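A quick write-up on the structure given underneath.
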Amino acid sequence: MTTLGVGGAAEYFFRAADETDIAKAFEWARERILPVFVLGGGSNIVVSDAGFRGLVVQVVLRGLEFKEVGGDVVRVRAGAGEDWDEFVGECVERGLAGVECLSGIPGLVGGTPVQNVGAYGQEVSETISRVRCFDRKGFRSVEFSNDDCGFAYRMSIFNTTEQDRYVVTSVEFDMKRGGNPRVGYKDLKERFAGRVPTLAETRVAVLDIRRQKSMVIDPADPNSRSAGSFFKNPIIPADNIAEISNRAGIDMVPAFPAGDGRVKVPAAWLIEKAGLEKGYKLGRVGISANHSLAIVNLGGATSMEIMRLKDQIQTAVESKFGIRLQPEPIFVGF
Ligand SMILES: Cc1cc2nc3c(=O)[nH]c(=O)nc-3n(C[C@H](O)[C@H](O)[C@H](O)COP(=O)(O)OP(=O)(O)OC[C@H]3O[C@@H](n4cnc5c(N)ncnc54)[C@H](O)[C@@H]3O)c2cc1C
Numbered sequence: 000m001t002t003l004g005v006g007g008a009a010e011y012f013f014r015a016a017d018e019t020d021i022a023k024a025f026e027w028a029r030e031r032i033l034p035v036f037v038l039g040g041g042s043n044i045v046v047s048d049a050g051f052r053g054l055v056v057q058v059v060l061r062g063l064e065f066k067e068v069g070g071d072v073v074r075v076r077a078g079a080g081e082d083w084d085e086f087v088g089e090c091v092e093r094g095l096a097g098v099e100c101l102s103g104i105p106g107l108v109g110g111t112p113v114q115n116v117g118a119y120g121q122e123v124s125e126t127i128s129r130v131r132c133f134d135r136k137g138f139r140s141v142e143f144s145n146d147d148c149g150f151a152y153r154m155s156i157f158n159t160t161e162q163d164r165y166v167v168t169s170v171e172f173d174m175k176r177g178g179n180p181r182v183g184y185k186d187l188k189e190r191f192a193g194r195v196p197t198l199a200e201t202r203v204a205v206l207d208i209r210r211q212k213s214m215v216i217d218p219a220d221p222n223s224r225s226a227g228s229f230f231k232n233p234i235i236p237a238d239n240i241a242e243i244s245n246r247a248g249i250d251m252v253p254a255f256p257a258g259d260g261r262v263k264v265p266a267a268w269l270i271e272k273a274g275l276e277k278g279y280k281l282g283r284v285g286i287s288a289n290h291s292l293a294i295v296n297l298g299g300a301t302s303m304e305i306m307r308l309k310d311q312i313q314t315a316v317e318s319k320f321g322i323r324l325q326p327e328p329i330f331v332g333f
């Protein structure tokens, strides 16, 4: 049930189709003193070979509502169990701008606020207005405004301060009818050469670029058997760049402004410069031949093998640059 295709089974498994189901599942687990893991589309997790001793609840709540709220804003509420890319496709078809650059990201709607999903210069935090959740502690439904969610790069309260407390049941987005697509990313700018594309053209272009990097799940593409980017781009004080470059004997490490005097360093670049190239193999796992940030199950791999390669990459980058790469996926059952 994961895109990486490693790891053992769940001891108990339940699909929750509405909020009552979710409450029942947590009640059931509470009576048996079992831990519960909340699963979406399984595209951002690494499950241990021993599996998960407890209950896995997959959130499959459906439903899409579109509501005009004045001006050119359309408020869209999507059930947490809606397929994310189909949702993006639907918005683009209706001429609603705000998530077009997030085309092709696997998983379900409910997973997107968790790590503030982003790609090609766009993040879900820019359009999310509210997140509805089941509170595992209070056993009731609660709603969070955008500000309450504490969104930052690959971060929200759902994967930091309040990790494992809230189950996302639906997400509300404020989209712009007739808005222009976001064309901020280099690959997209080059493709459209100064012309403003339509939302549909942008979606096609993003899907195209992602496919070339094996970042769209395709059973025919072995390089897409991954959890997407395995490491976050490190964010460090801008002043440290010269020292890091010196240490590595490199003219200048590439860095992009990240606010507050800090810069974002591309993790993919660090990995390559640490000597681990695209296509590198370690037994049955490897680095994607098309993207140096993705660890790939080459067939029949175990999660232990994934962890060994993860460690090797972290050690290589740390010894060359003094930067410890932080993994992006969530580790389950370790
Ligand atoms: C090929 C590929 C490309 C990718 N590209 C990108 C990219 O461009 N940008 C990006 O940001 N990510 C990317 N990802 C990562 C991943 O697709 C996203 O993080 C996605 O939003 C995860 O959603 P999911 O439903 O699969 O969550 P899962 O993997 O099932 O779960 C991930 C985490 O979210 C929690 N979770 C899931 N659903 C809920 C819920 N309803 N309530 C509470 N917690 C929940 C889980 O407990 C877990 O901690 C990529 C992954 C792959 C495999």
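Heads up: the sequence shown is residues 0 to 333, going by numbering that gives the first Met the number 0.
By construction, the Cβ of each residue, glycine as well, lies at the ideal position given by its N, Cα and C atoms.
Keep in mind that this is a model prediction, so the values were computed, not measured.
Could you tell me the distance, in whole angstroms, from the CA atom of residue i to the CA atom of residue j?
i      : j      : result
Asn289 : Val108 : 26 Å
Phe229 : Gly69  : 41 Å
Asn296 : Gly6   : 11 Å
Gln57  : Gly41  : 9 Å
Gly122 : Glu99  : The sequence as given places Glu at residue 122; Gly does not occur at that position. Roughly 10 Å between the two C-alpha positions.
Glu64  : Lys175 : 15 Å
Val116 : Pro326 : 15 Å
Thr160 : Ala192 : 42 Å
Leu281 : Asn43  : 21 Å
Thr2   : Pro253 : 31 Å
Arg202 : Trp27  : 42 Å
Gly4   : Gly299 : 8 Å
Tyr184 : Gly39  : 28 Å
Leu95  : Cys148 : 23 Å
Ile305 : Gly248 : 30 Å
Tyr11  : Val331 : 14 Å
Gly53  : Asp186 : 44 Å
Arg129 : Asp217 : 32 Å
Ser225 : Lys272 : 22 Å
Pro256 : Phe150 : 18 Å
Glu125 : Arg31  : 40 Å
Phe333 : Val46  : 7 Å
Glu200 : Tyr119 : 14 Å
Gly88  : Val182 : 17 Å
Ser291 : Glu276 : 7 Å
Pro112 : Tyr152 : 11 Å
Gly274 : Gln311 : 11 Å
Arg139 : Ala22  : 8 Å
Ala101 : Met214 : It should be noted that the sequence gives Leu, not Ala, for residue 101. Looking at the two C-alpha atoms, the distance is approximately 11 Å.
Using DSSP with H/G/I as helix, E/B as strand and the rest coil, what is residue i?
i      : result
Met335 : It is not possible to answer for residue 335, since the shown part of the chain is limited to 0 through 333.
Gln311 : helix
Asp71  : coil
Asp84  : helix
Pro221 : helix
Lys30  : Sequence check: residue 30 is Glu here, not Lys. Of the three classes helix, strand and coil, the one that applies to Glu30 here is helix, per DSSP.
Asn43  : coil
Leu269 : helix
Ala226 : coil
Asp134 : strand
Thr19  : helix
Asn296 : strand
Lys319 : helix
Ala24  : helix
Val331 : strand
Ile127 : strand
Val91  : helix
Phe157 : helix
Need the endpoints of the alpha helix (DSSP H) that residue i sits in, please.
i      : result
Lys188 : 185-191
Glu200 : 198-211
Can you tell me where the beta strand (DSSP E) holding residue i begins and where it ends?
i      : result
Arg246 : No beta strand (DSSP E) contains Arg246, which is instead part of the alpha helix (DSSP H) from 239-247.
Arg176 : 165-176
Arg52  : 51-58
Arg261 : 261-263
Arg139 : 139-144
Ile216 : Per DSSP, Ile216 belongs to no beta strand (DSSP E) and is neither H nor E.
Ile104 : Per DSSP, Ile104 belongs to no beta strand (DSSP E) and is neither H nor E.
Ser285 : Sequence check: residue 285 is Gly here, not Ser. Unbroken beta strand (DSSP E) run through Gly285: 284-286.
Pro236 : 234-236
Phe36  : 35-38
Below 8 Å, can you find three or more Cβ-Cβ pairs linking the region 163-172 to the region 75-89?
Enough Cβ pairs lie closer than 8 Å, so yes.
Is there contact between the region 221-237 and the region 265-279, where contact requires at least three CB pairs shorter than 8 Å?
Put simply, the region 221-237 touches the region 265-279. At least three CB pairs are less than 8 Å apart.
Would you check if there are 3 or more beta carbon pairs closer than 8 Å linking the region 242-249 to the region 309-326?
A contact between stretches requires three or more CB pairs, one per stretch, nearer than 8 Å, and the region 242-249 meets this requirement with the region 309-326.
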